[in-house]
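So for the sequence shown, the working numbering puts the first residue at 330; every next one is plus one. For each residue, glycine too, the CB sits at the ideal point set by N, CA and C. Before any comments, here is the structure.
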Amino acid sequence: LVAHTRKPLGFFSLLRSLFRSLSGGGFEASYDELLPLLPALLNGLLRLHASASDPKQRGVLVELCLTVPARIESLVPYMPLLTPLLTHALRATGDLAKLGLRTLEYWVDQLDG
């Protein structure tokens, strides 16, 4: 769908809302349902991020990659791919920088304990 859309920000906003809802709690079973889709989802988002020229679109894609509704154990194999996006978020301003800090803190807390 995104490949055929001239302005995919609406699609990304829909995904952002879905990810926020699922990550908000009470949807732990959804994580198990999304697990088989995780490789294709992350690789697709990363590919879109790499090809995006619009800074706003790149920021939304960074946010989507960092908020994929998955348990930390499922994300560990993707940490080398997600780390540059986390760095991008930490260098940003506003909400994206806050997301970067929250993500880093979450990763450290979960991987340390």
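Per the C-alpha coordinates, the member of Gly429, Pro409, Arg400 positioned closest to Glu362 is Arg400. Annotated three-state conformation of Val397 is coil, per DSSP.
By alpha-carbon distance to Ser380, the top candidate from Ser346, Leu395, Pro337 is Pro337.
Assignment of Arg335 by DSSP, reduced to helix, strand and coil, places it in the coil class.
Scanning the stretch 381-442 from its first residue to its last, the whole alpha helix (DSSP H) runs of 4-plus residues come out as 384-395, 401-404, 408-420, 423-441. Per DSSP, the unbroken alpha helix (DSSP H) holding Leu363 starts and ends at 357-363.
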